[in-house]
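**Q**
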Amino acid sequence: MHDAVDVLVVGGGINGAGIARDLAGRGQHVLLCEADDLAQHTSSSSTKMIHGGIRYLEYYEFALVRKALAEREVLLKSAPHIIRPLRLVMPHDPLVNPLRPVWMIRLGLFLYDHLARREVLPASTTIDLRRGPIGEPLKPKFSKGFVYSDGWVDDARLVVLNAVDAAARGAEVLTRWRCTDAQRTAGGWRATLQSSDGRERSINARALVNAAGPWAAQFLREHAHVSDSKSLRLVKGSHIVVRKLFDHDHAYVLQSPDRRIIFVIPYERDFTLIGTTDVEHHGPVGTARIDETETAYLCEQASGYLKQTITPADVVWSYAGVRPLLEDEAADASAVTRDYQLELETSAAPLLTVWGGKMTTFRKLAEEAGDLLAAPLGTTRGAWTRGALLPGGDLSAWIGPAQRPDTDIARFAHALATRHPELSVALADRLAHAYGSRVELLLQGGLGAEVAPDLFEAELNYLHAHEWARSADDVLWRRSKLGLHLTPAQRGDVADWCAAHWPDAIAPAAPTASRPTPETAWN
Numbered sequence: 056m057h058d059a060v061d062v063l064v065v066g067g068g069i070n071g072a073g074i075a076r077d078l079a080g081r082g083q084h085v086l087l088c089e090a091d092d093l094a095q096h097t098s099s100s101s102t103k104m105i106h107g108g109i110r111y112l113e114y115y116e117f118a119l120v121r122k123a124l125a126e127r128e129v130l131l132k133s134a135p136h137i138i139r140p141l142r143l144v145m146p147h148d149p150l151v152n153p154l155r156p157v158w159m160i161r162l163g164l165f166l167y168d169h170l171a172r173r174e175v176l177p178a179s180t181t182i183d184l185r186r187g188p189i190g191e192p193l194k195p196k197f198s199k200g201f202v203y204s205d206g207w208v209d210d211a212r213l214v215v216l217n218a219v220d221a222a223a224r225g226a227e228v229l230t231r232w233r234c235t236d237a238q239r240t241a242g243g244w245r246a247t248l249q250s251s252d253g254r255e256r257s258i259n260a261r262a263l264v265n266a267a268g269p270w271a272a273q274f275l276r277e278h279a280h281v282s283d284s285k286s287l288r289l290v291k292g293s294h295i296v297v298r299k300l301f302d303h304d305h306a307y308v309l310q311s312p313d314r315r316i317i318f319v320i321p322y323e324r325d326f327t328l329i330g331t332t333d334v335e336h337h338g339p340v341g342t343a344r345i346d347e348t349e350t351a352y353l354c355e356q357a358s359g360y361l362k363q364t365i366t367p368a369d370v371v372w373s374y375a376g377v378r379p380l381l382e383d384e385a386a387d388a389s390a391v392t393r394d395y396q397l398e399l400e401t402s403a404a405p406l407l408t409v410w411g412g413k414m415t416t417f418r419k420l421a422e423e424a425g426d427l428l429a430a431p432l433g434t435t436r437g438a439w440t441r442g443a444l445l446p447g448g449d450l451s452a453w454i455g456p457a458q459r460p461d462t463d464i465a466r467f468a469h470a471l472a473t474r475h476p477e478l479s480v481a482l483a484d485r486l487a488h489a490y491g492s493r494v495e496l497l498l499q500g501g502l503g504a505e506v507a508p509d510l511f512e513a514e515l516n517y518l519h520a521h522e523w524a525r526s527a528d529d530v531l532w533r534r535s536k537l538g539l540h541l542t543p544a545q546r547g548d549v550a551d552w553c554a555a556h557w558p559d560a561i562a563p564a565a566p567t568a569s570r571p572t573p574e575t576a577w578n
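In the working numbering, each residue's number is its place in the sequence shown (first place is 1) plus 55.
Following this line, the structure appears as structure tokens:
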């Protein structure tokens, strides 16, 4: 007995989830399988930004920046609950930053403002850092700066919401199911899926999509029995999280002497996110961890700009992810292109492989994948996601017509707190930003018991029923970042509750450098 689908998508990161959503919306019967949890690897290990990539202008990647800037506008409108405008400050001192003179920065920002149509975000400007709160955390030598706009995103939730939308349009989403074998047949592909608890399913698919990210080439060779025609360059990006360094809502863009750019971003209300590094990764993808050299590097770069000295002892959490970049022979890992290529092989059963890519351009990538597969699959439905909202993104029933993403979500959070006085202001704000208008589905049966501070049974039940959460880690580190705010004992309470109430619960993973130990997650 074989289950029959139109398309089997392998990989539950942002590209796999986006492609599953796009194809399901075109009427295709889609099955998405992910060996671990949704967004468990690269897609939850980003710098949490939706951005054009201003530094890519130095490498003449104008087409990529234009595409990413256009997508930034689309995404800001599609999910105002999990994506918000972010103003970034680039401090500048000619003695500290001789590699990028003022004229070069002005030119770059002019291009950044004008390469694509900008409706939501304000233009770049200069700022006197000696006045106002923005310059207060910086060392006095930084008296001048530049301010520009991009977007902040809850990256793991972006993946999950794409999967939720795909499922709502008829797709089947399987987490913790690995594709162990895929063979071409006369009518398409015959694949074997194996669950983490040893069950097996056989799938017949008309087409196969390889969206395995860092494992894309390995999947082709070892499981699809196809030679990989392209090469991936695996680059590790690591981040550290420290206690909140400043009280305003702007981020800083720090220019390092090696031409890299380090972001310092307000994070999770009580913390500051600092990253990223760019380090070649040569080992197994699953072994990527931040090392002491990277931690010291990020602390040193931040301390070069901020009045407060940052040391490794200040780090309360860290994570590392492997970016699957398309090999372009660049000498420096930072210079490797972040663009993508879609390779469609139709000499036999259709096989589409995703090479490279970045978070910001996932929707466009998925749309192009849907267009490429239209002819082999015989579908007549065209692209549809450009103006479509992600689940929870339609706030109109609460606040009326959309105005601006940042003010819309603030008005929605206020309306939620007013309609549900049982919610504290802080809890209403968190739920609004996590679930948007889907929060009513979460709250329809009441909050239930409080399992951990500001985490109630209603949310846990919702995440299990609607977002494929199967472990405390899924809840605390991907569907949310509540793990940062809880003590080890409180995180244990969540794990115990999941084990007692979810028949398919999975025990939390062993601590790693990407998933904090009790000591590093709470000081």
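Just so you know, even glycine gets a beta-carbon here, dropped at the ideal spot from N, CA and C.
Any chance the segment 266-281 sits against the segment 295-310, with 3 or more Cβ pairs inside 8 Å?
**A** No: fewer than three Cβ pairs fall under 8 Å.
**Q** Could you give the C-beta distance for Val308 and Ala357, rounded to a whole number, given that I count them as a contact under 8 Å?
**A** Mapped onto the sequence shown, residue 308 falls at position 253. Mapped onto the sequence shown, residue 357 falls at position 302. Contact flag wrong, Cβ pair sits at about 12 Å.
**Q** Taking buried to mean at least 16 other C-beta atoms within 10 Å of its own C-beta, is Leu184 buried or exposed?
**A** In the sequence shown, residue 184 corresponds to position 129, counting from 1. Buried: at least 16 other Cβ atoms inside 10 Å.
**Q** Would you identify the three-state DSSP class for Phe301, choosing helix, strand or coil?
**A** Stepping through the sequence shown from its first residue, residue 301 is reached at position 246. If DSSP states are grouped into helix, strand and coil, Phe301 belongs with coil.
**Q** Mind checking whether Met104 and Trp244 have CB atoms under 8 Å apart?
**A** Residue numbering aside, residue 104 sits at position 49 when the sequence shown is read from its first letter. Residue numbering aside, residue 244 sits at position 189 when the sequence shown is read from its first letter. Taking 8 Å as the Cβ cut-off, Met104 and Trp244 do not qualify as a contacting pair.
**Q** Relative to the alpha-carbon of Asp509, which residue among Gly447, Leu531, Val175, Arg525 has its alpha-carbon at the smallest distance?
**A** As a working mapping, residue 509 is identified with position 454 in the sequence shown. Of the listed residues, the one whose Cα sits closest to Asp509 is Leu531.
**Q** Specify, as a first and last residue, the run of the alpha helix (DSSP H) that Gln545 falls within.
**A** On the sequence shown, residue 545 is found 490 positions in, with the first residue counted as 1. Here the alpha helix (DSSP H) through Gln545 covers 543-556.
**Q** Please check the pair Trp523 and Val228, which I expect to be a contact at CB under 8 Å, by giving their CB distance rounded to whole angstroms.
**A** As a working note, residue 523 is residue 468 in the sequence shown. As a working note, residue 228 is residue 173 in the sequence shown. Trp523 to Val228, Cβ: 6 Å. Contact.
**Q** Is it the case that the Cβ atoms of Gly292 and Thr331 are separated by a distance below 8 Å?
**A** In the sequence shown, the residue the question calls residue 292 occupies position 237. In the sequence shown, the residue the question calls residue 331 occupies position 276. Yes, the Cβ-Cβ distance between Gly292 and Thr331 is below 8 Å.
**Q** The beta strand (DSSP E) spanning Asn516 covers which residue range?
**A** For this step, residue 516 is matched to residue 461 along the sequence shown. No beta strand (DSSP E) holds Asn516; the alpha helix (DSSP H) holding it covers 512-521.
**Q** Whole angstroms is fine: what's the gap from Pro563's alpha carbon to Leu213's?
**A** As a working mapping, residue 563 is identified with position 508 in the sequence shown. As a working mapping, residue 213 is identified with position 158 in the sequence shown. So the alpha carbons of these two residues sit roughly 22 Å apart.
**Q** State the start and end residues of the unbroken beta strand (DSSP E) segment that holds Ile454.
**A** Your numbering for residue 454 matches position 399 in the sequence shown. Ile454 -> not in any beta strand (DSSP E); alpha helix (DSSP H) instead, spanning 451-454.
**Q** Taking the alpha carbon of Ser580 as the point to measure from, which residue in Val409, Ala118, Ala470, Glu505 has its own alpha carbon closest?
**A** This structure does not reach residue 580, given that the chain is present from 56 up to 578, and the question cannot be answered.
**Q** Please classify Gly71 as buried or exposed, where buried requires at least 16 neighbouring CB atoms within 10 angstroms.
**A** Mapped onto the sequence shown, residue 71 falls at position 16. By the neighbour-count rule (16 or more Cβ atoms within 10 Å), Gly71 is buried.
**Q** What is the rounded straight-line gap between the Cα of Leu263 and the Cα of Thr97?
**A** Along the sequence shown, read from residue 1 onward, the residue named residue 263 stands at position 208. Along the sequence shown, read from residue 1 onward, the residue named residue 97 stands at position 42. The straight-line gap from Cα to Cα measures roughly 21 Å.
**Q** Which residue comes first and which comes last in the beta strand (DSSP E) that contains Gly425?
**A** Numbered from its first residue, the sequence shown carries residue 425 at position 370. Gly425 -> not in any beta strand (DSSP E); alpha helix (DSSP H) instead, spanning 417-432.
**Q** Quick check on Ser526: does DSSP put it in helix, strand or coil?
**A** Residue mapping note: residue 526 aligns to position 471 of the sequence shown, counting from 1. In this structure, Ser526 counts as coil in the three-state DSSP scheme.
**Q** Ends of the alpha helix (DSSP H) at Tyr111?
**A** Residue mapping note: residue 111 aligns to position 56 of the sequence shown, counting from 1. Here Tyr111 belongs to no alpha helix (DSSP H), and DSSP marks it neither H nor E.
**Q** By DSSP's criteria, Val202 is part of a beta bridge. Which residues make up the other side?
**A** As a first step, residue 202 is located in the sequence shown; it is residue number 147 there, counting from the start. DSSP output for Val202 lists Val144, Thr180 as bridge partner(s).
**Q** DSSP three-state call for Ala568: helix, strand or coil?
**A** As a position in the sequence shown, residue 568 is number 513, starting the count at 1. Caution is warranted here: a pLDDT of 40 is assigned to Ala568, below 50, making its placement in the model unreliable, and no coordinate value can be reported.
**Q** Does the count of Cβ pairs from the segment 496-503 and the segment 162-182 closer than 8 Å reach three?
**A** They do not touch, by the three-pair rule.
**Q** Going by DSSP, what residue range makes up the beta strand (DSSP E) through Gln273?
**A** Counting from 1 along the sequence shown, the entry for residue 273 is found at position 218. No beta strand (DSSP E) contains Gln273, which is instead part of the alpha helix (DSSP H) from 271-277.
**Q** In this structure, how does DSSP classify Ala351 when only helix, strand and coil are distinguished?
**A** Here residue 351 is taken as the residue at index 296 of the sequence shown, counted from 1. Helix, per DSSP.
**Q** Any idea which residues DSSP pairs Tyr167 with across the strands?
**A** Counting from 1 along the sequence shown, the entry for residue 167 is found at position 112. Paired residue(s): none; Tyr167 is not in a bridge.
**Q** In the DSSP assignment, the beta strand (DSSP E) including Glu255 goes from what residue to what residue?
**A** Locating residue 255 in the sequence shown gives position 200, counting from the first residue. Segment 255-265, the beta strand (DSSP E) holding Glu255.
**Q** Assuming Pro460 contacts Ile138 (C-beta within less than 8 Å), just tell me the rounded distance between them.
**A** If you number the sequence shown from 1, residue 460 lands on position 405. If you number the sequence shown from 1, residue 138 lands on position 83. With a Cβ gap of about 7 Å, Pro460 and Ile138 count as contacting.
**Q** Taking the alpha-carbon of Ala424 as reference, which of Ala79, Val60, Gly107, Ala59 has the nearest alpha-carbon?
**A** Within the sequence shown, numbered from 1, the residue matching residue 424 stands at position 369. The option with the nearest alpha carbon to Ala424 is Ala79.
**Q** Between the Cα of Asp449 and the Cα atoms of Thr434, Ala468, Leu486, Ser492, which residue gives the shortest distance?
**A** Position 394 of the sequence shown, counted from the start, is the residue given in the question as residue 449. Nearest option by C-alpha distance: Ser492.
**Q** Excluding five sequence neighbours on each side, which residues of the same chain lie with their C-beta closer than 6 Å to the C-beta of Lys413?
**A** As a working note, residue 413 is residue 358 in the sequence shown. Result list for Lys413: Arg393, in chain order.
**Q** Please check the pair Leu216 and Leu445, which I expect to be a contact at CB under 8 Å, by giving their CB distance rounded to whole angstroms.
**A** As a first step, residue 216 must be located in the sequence shown, where it is residue number 161. As a first step, residue 445 must be located in the sequence shown, where it is residue number 390. Correct: roughly 5 Å between the Cβ atoms.
**Q** With DSSP collapsed to three states, give me the class of Gly411.
**A** By 1-based counting over the sequence shown, the position of residue 411 is 356. Strand at Gly411.
**Q** Going by Cα to Cα distance, which pick from Gln238, Ala272, Ala241, Cys234 is closest to Arg254?
**A** Working through the sequence shown from its first residue, we reach residue 254 at position 199. It is Cys234 whose Cα lies nearest to the Cα of Arg254.
**Q** Verify whether the separation of the beta carbon atoms of Leu428 and Ala306 is less than 8 Å.
**A** Position 373 of the sequence shown, counted from the first residue, corresponds to residue 428. Position 251 of the sequence shown, counted from the first residue, corresponds to residue 306. No, the pair does not count as a contact, with Cβ atoms beyond the cut-off.
**Q** Run through DSSP, which three-state label would Pro563 get?
**A** Working through the sequence shown from its first residue, we reach residue 563 at position 508. Three-state result, Pro563: coil.
**Q** Given a cut-off of 8 Å, decide if Val65 and Ala75 are closer than it, judged by their beta-carbon atoms.
**A** Walking along the sequence shown from the start, residue 75 turns up at place 20. Walking along the sequence shown from the start, residue 65 turns up at place 10. Against a cut-off of 8 Å, the Cβ pair of Val65 and Ala75 comes out as no contact.
**Q** Along the chain, where does the alpha helix (DSSP H) containing Tyr490 start, and where does it finish?
**A** Working through the sequence shown from its first residue, we reach residue 490 at position 435. Counting along the chain, the alpha helix (DSSP H) containing Tyr490 begins and ends at 480-490.
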